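Line by line, the protein sequences give chains A and B.
All residue numbers for the first sequence refer to the numbering used here, where the first residue is 1 and numbers rise by one.
All residue numbers for the second sequence refer to the numbering used here, where the first residue is 1 and numbers rise by one.
Just so it is clear, CB atoms sit at the ideal spot from N, CA and C, and this is done for glycine as well.
Note that the structure is predicted; figures quoted are calculated from it, not measured.
Below is one structure, written out as structure tokens; the observations come after it.
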Amino acid sequence: MSVTIDRPMVTSSGQALLRALALPVALLVVWQLWALTLPVDTRAPSPASTAEAFVRMSATGDLPLALLQSIGRVLSGFAIGLVLGTVLGTAMGTSPAFRRNIEPIVESFRPLAPMAILPIAILWFGTGTPAALSLVGYAAFFPMLLSTAQGVSRVDRKLVQAARTMGVSRLRIAAKVIFPAALPSMVLGARLSMGVAWTAIIAAELAVGAKSGGGASGGIGEMMFVFYSYSIDMNGIVVCMIVVGVVALLIDRLFRLAEHHLIPWRH
Amino acid sequence: MSAILAEPKLRLEGVTKEFPAPRTGVRTMAVSDFSLEISAGDFICIVGPSGCGKSTVMNMIAGLDKPSSGRIAIDGVPVTGPGADRGVMFQDYALFPWLTVRENIGFGLRNGTPGRGLSSKDLEDRIDRHVELVRLNGSENKYPHQVSGGMRQRIALARLLANGPDVLLMDEPLGALDAQTRLVLQEELLRIWGETEIREKRKTAVFITHDIAEAVFLADSVVVMSSHPGRIRRVLPIDLPRPRNEQIRADPRFAELHEEIWSLIRDEAYRATV
Ligand SMILES: Nc1ncnc2c1ncn2[C@@H]1O[C@H](COP(=O)(O)OP(=O)(O)O)[C@@H](O)[C@H]1O
Ligand SMILES: [Mg+2]
Numbered sequence: 001m002s003v004t005i006d007r008p009m010v011t012s013s014g015q016a017l018l019r020a021l022a023l024p025v026a027l028l029v030v031w032q033l034w035a036l037t038l039p040v041d042t043r044a045p046s047p048a049s050t051a052e053a054f055v056r057m058s059a060t061g062d063l064p065l066a067l068l069q070s071i072g073r074v075l076s077g078f079a080i081g082l083v084l085g086t087v088l089g090t091a092m093g094t095s096p097a098f099r100r101n102i103e104p105i106v107e108s109f110r111p112l113a114p115m116a117i118l119p120i121a122i123l124w125f126g127t128g129t130p131a132a133l134s135l136v137g138y139a140a141f142f143p144m145l146l147s148t149a150q151g152v153s154r155v156d157r158k159l160v161q162a163a164r165t166m167g168v169s170r171l172r173i174a175a176k177v178i179f180p181a182a183l184p185s186m187v188l189g190a191r192l193s194m195g196v197a198w199t200a201i202i203a204a205e206l207a208v209g210a211k212s213g214g215g216a217s218g219g220i221g222e223m224m225f226v227f228y229s230y231s232i233d234m235n236g237i238v239v240c241m242i243v244v245g246v247v248a249l250l251i252d253r254l255f256r257l258a259e260h261h262l263i264p265w266r267h
Numbered sequence: 001m002s003a004i005l006a007e008p009k010l011r012l013e014g015v016t017k018e019f020p021a022p023r024t025g026v027r028t029m030a031v032s033d034f035s036l037e038i039s040a041g042d043f044i045c046i047v048g049p050s051g052c053g054k055s056t057v058m059n060m061i062a063g064l065d066k067p068s069s070g071r072i073a074i075d076g077v078p079v080t081g082p083g084a085d086r087g088v089m090f091q092d093y094a095l096f097p098w099l100t101v102r103e104n105i106g107f108g109l110r111n112g113t114p115g116r117g118l119s120s121k122d123l124e125d126r127i128d129r130h131v132e133l134v135r136l137n138g139s140e141n142k143y144p145h146q147v148s149g150g151m152r153q154r155i156a157l158a159r160l161l162a163n164g165p166d167v168l169l170m171d172e173p174l175g176a177l178d179a180q181t182r183l184v185l186q187e188e189l190l191r192i193w194g195e196t197e198i199r200e201k202r203k204t205a206v207f208i209t210h211d212i213a214e215a216v217f218l219a220d221s222v223v224v225m226s227s228h229p230g231r232i233r234r235v236l237p238i239d240l241p242r243p244r245n246e247q248i249r250a251d252p253r254f255a256e257l258h259e260e261i262w263s264l265i266r267d268e269a270y271r272a273t274v
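Below is the structure:
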């Protein structure tokens, strides 16, 4: 598998911005026109009613609070997955013996979706933040592990040899040769990890919300669940969906920006 | 008298190297019964067809590869691994893609033993001098993938020389350069090696090349290798006076030596082309 890292779009000109906005705006217009054809007492959301819901949810502070809660959980769970994935991935990439031993375990757990371990997470950790964290950590762990292992194992042997002929110590070779050589792979792994972590937290909160029957500030996933099963508020659900999507997009953009700074020699 | 008693700088005794094929495990003999003594201050060139084991010999001297049998010693001490006393310039340069030209040249000075005890000013000066030596001023802040093949080769050469090793191990170090740059750097290399100094002040150099004229111009002796298995065919002393400059290429003796080496590898070279 080859690792390709695409460049972030640098849209400096207003024209490029207009072009990027054209399709979303067109969709909004079509959506609104369609909504206007429906009966007045419909539950179907329109752009106008959704915007109204967004303003209301923001003003009460519910939405920002839920969002912060979810983002906080994602970042903590992501950090757990990142650290474990980096450490074990480095060991896997360095030691073929370790790799042979751990690979069957990894490969048998990897296809297991984070949602599939939710029952165990709930039994062990209850329905609160620890359960959510373990789920996000689990999801974030695998991409980081595999990308790190691949990056470390594919470091050009010649570069390590060159450093050895310059009297560079093992520890310094790890820091100054192996780490930078594996970095592009690791950054890609982190980006993938963050993507699945964000997906996992929404799913986890939705599910945990179902069990605990709602409550204050269970994150944005729980908020969606409450809208769905208690108030049947389509507008609220759509607002949550859009917010989740926008956050995912922003996170990805942030990663590409970080890539630009962490791996300048690739650009 | 003392020359007889003194340990050679570098001694290879009956060195062989076999590589097992990855799947079949069938062993191929890359280098066979390679024995050579190199005195301190000698400039040795190794010539021979592709695949005759030149790089393999160099890797073993560098301590990056162990001989299958035989012994290699530096100053009488067996080689057990790599060390900054033996600087290596690899055939494919082995530059760090994430470091700029300047950072590559300074890598050993900053991270390895060669830079120990240097003040940061001395260190920067030394990097400056080597950037200039290979004429890379103006490209210092580029990354290796942004410069030409010839420039990459010069970066690798500068990195080797900046580390100031006792023994220079160079694997086709000027092969990617255009003819003019190549001639200039050949003379420059002789100067750095210590051609104008007394023998005791010279470094010891092992230089692999495809180019017979280059070998004759640079070397105190030329080791001609043949392949399958890689063996020493002949060691030819180059009795041209030093310091050498462009005029030496017009010397009749230069042509004689060139012809002699060519006749040694001609048959094999022809065989390799058909
Ligand atoms: N790591 C290796 N594994 C297997 N065979 C090798 C390895 N390195 C070199 N060889 C083989 O040994 C022989 C000599 O190679 P090399 O020293 O690179 O030749 P040269 O530098 O003279 O072109 C070649 O036949 C090559 O295929
Ligand atoms: Mg070679």
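Exercise for review: Locate the beta strand (DSSP E) running through T28(B), then write down its first and last residues.
Suggested key: Its beta strand (DSSP E) spans residues 27–38.
Review point. If you run the structure through DSSP and keep just helix, strand and coil, what is T100(B)?
Key: The answer is coil: DSSP assigns T100(B) none of H, G, I, E or B.
**Study point:** Short CB-CB distance (under 7 angstroms) between G149(B) and chain A
**Key:** No, G149(B) does not count as interfacial toward chain A.
Practice item. Anything in the stretch 246–258 of chain B with a Cβ closer than 9 angstroms to a Cβ of chain A? List those residues in chain order, please. Key: Within the stretch 246–258 of chain B, contact with chain A at the beta-carbon level (separation under 9 angstroms) is assigned to no residue.
Review point. Relative to the C-alpha of G48(B), which residue among R116(B), A215(B), N163(B), V167(B) is closest?
Key: The option with the nearest alpha carbon to G48(B) is A215(B).
Exercise for review: Helix, strand or coil for D233(A), going by three-state DSSP, please let me know.
Suggested key: Reduced to three states, the DSSP call for D233(A) is coil.
**Study point:** Any C-beta of chain A under 7 angstroms from that of A158(B)
**Key:** No, A158(B) lies away from the interface with chain A (no Cβ there is under 7 angstroms from its Cβ).
Check your understanding: What in chain A is Cβ-close to A84(B), meaning under 8 angstroms?
Key -> What A84(B) touches in chain A: T165, M166, G167.
Review point. Looking at the C-beta of L133(B), does it have a partner C-beta in chain A at a distance below 7 angstroms?
Key: For L133(B), the answer is no, since every Cβ of chain A falls outside 7 angstroms of its Cβ.
Practice item. Answer yes if the stretch 223–239 of chain B comes into contact with the stretch 52–70 of chain B, meaning at least three C-beta pairs across the two stretches below 8 angstroms, and no otherwise. Key: The answer is yes - the stretch 223–239 of chain B touches the stretch 52–70 of chain B, with three or more Cβ pairs under 8 angstroms.
**Study point:** Extent of the continuous alpha helix (DSSP H) to which K158(A) belongs
**Key:** Element bounds for K158(A): 157–164.
Check your understanding: When burial is assigned at 16 or more other CB atoms within 10 Å of the CB, is Q180(B) buried or exposed?
Key -> Counting Cβ neighbours within 10 Å, Q180(B) comes out exposed, since fewer than 16 surround it.
Practice item. Check the DSSP bridge columns for D171(B) and list the partner residues they point to. Key: Beta-bridge pairing links D171(B) to I208(B).
Review point. From V226(A) to E259(A), what distance separates their C-alpha atoms?
Key: V226(A) and E259(A) have their alpha carbons spaced roughly 37 angstroms apart.
Practice item. For W124(A), count neighbouring C-beta atoms within 10 Å of its own C-beta (all shown protein chains included) and say buried if the count is 16 or more, exposed if not. Key: With a threshold of 16 other beta carbon atoms within 10 Å, W124(A) falls short and is exposed.
Review point. Can you list, in chain order, the residues of the stretch 95–108 of chain B whose Cβ is nearer than 9 angstroms to any Cβ on chain E?
Key: No chain E appears in the structure shown, which is made up of the protein chains A and B.
Review point. At a cut-off of 6 angstroms, is K158(A) close to ligand 2 when judged by its beta-carbon and the heavy atoms of the ligand?
Key: K158(A) Cβ: outside cutoff for every heavy atom of ligand 2.
Practice item. Using DSSP bridges, identify the partner residues of F19(B). Key: Per DSSP, T28(B).
Practice item. For the stretch 32–66 of chain B, enumerate the residues whose C-beta is nearer than 7 angstroms to any C-beta of chain A, in chain order. Key: Listed by position along the chain: A62, L64.
Review point. Any idea which residues DSSP pairs L10(B) with across the strands?
Key: Bridge partners of L10(B): I38(B), I74(B).
Review point. Taking 6 angstroms as the line, does the beta carbon of G53(B) fall inside it for any heavy atom of ligand 1?
Key: Yes, since a heavy atom of ligand 1 falls inside the 6 angstroms radius drawn around the Cβ of G53(B).
Exercise for review: Would you kindly check if the distance between the Cβ of A200(A) and the Cβ of L112(A) is under 7 angstroms?
Suggested key: Contact flag unset, no.
Point to revise | T16(B) at chain A interface by Cβ criterion, 7 angstroms | key: No, T16(B) lies away from the interface with chain A (no Cβ there is under 7 angstroms from its Cβ).
Review point. Given that P78(B) touches chain A, what residues does it touch there, using C-beta distances under 7 angstroms?
Key: None at all; the shortest Cβ gap to chain A is about 17 angstroms.
Practice item. Please classify V224(B): does DSSP put it in a helix, a strand, or coil? Key: DSSP places V224(B) in strand when its eight states are reduced to three.
Check your understanding: Run through DSSP, which three-state label would F90(B) get?
Key -> Coil.
Exercise for review: Using a Cβ cut-off of 8 angstroms, pull out every chain A residue sitting near N275(B), in sequence order please.
Suggested key: In the structure displayed, chain B extends from 1 to 274; residue 275(B) sits before or after that span and is not available.
Review point. Looking at the unbroken alpha helix (DSSP H) that takes in R73(A), where does it start and where does it end?
Key: Judged by DSSP secondary structure, R73(A) falls within the alpha helix (DSSP H) whose first and last residues are 62–94.
**Study point:** Proximal residues of chain A, C-beta to C-beta of P114(B) below 8 angstroms
**Key:** Annotation: Cβ neighbours of P114(B) in chain A (cutoff 8 angstroms, chain order): M166, G167.
Exercise for review: Could you tell me whether the Cβ of N163(B) comes closer than 7 angstroms to any Cβ of chain A?
Suggested key: Chain A contact via Cβ: present.
**Study point:** Residue interval of the alpha helix (DSSP H) (run including R152(B))
**Key:** Boundaries of the alpha helix (DSSP H) harbouring R152(B): 149–162, taken from the DSSP string.
Review point. Taking the runs of the beta strand (DSSP E) that are 3 residues or longer, which of them lie wholly in the stretch 228–269 of chain B?
Key: The qualifying runs are 231–237.
Check your understanding: Does the Cβ of F207(B) lie closer than 6 angstroms to at least one heavy atom of ligand 1?
Key -> Not one heavy atom of ligand 1 falls within 6 angstroms of the beta-carbon of F207(B).
Check your understanding: Are M234(A) and R43(A) touching if we call contact CB-CB under 7 angstroms?
Key -> Cβ distance < 7 angstroms, so M234(A) and R43(A) count as in contact.
Exercise for review: With a threshold of 16 other CB atoms inside 10 Å of the CB of K17(B), please say whether the residue is buried or exposed.
Suggested key: Around the beta carbon of K17(B), 16 or more other beta carbons sit within 10 angstroms, so the residue counts as buried.
Practice item. Would you mind sorting L257(A) into buried or exposed? The rule is 16 or more other CB atoms within 10 Å of its CB. Key: Result: exposed.
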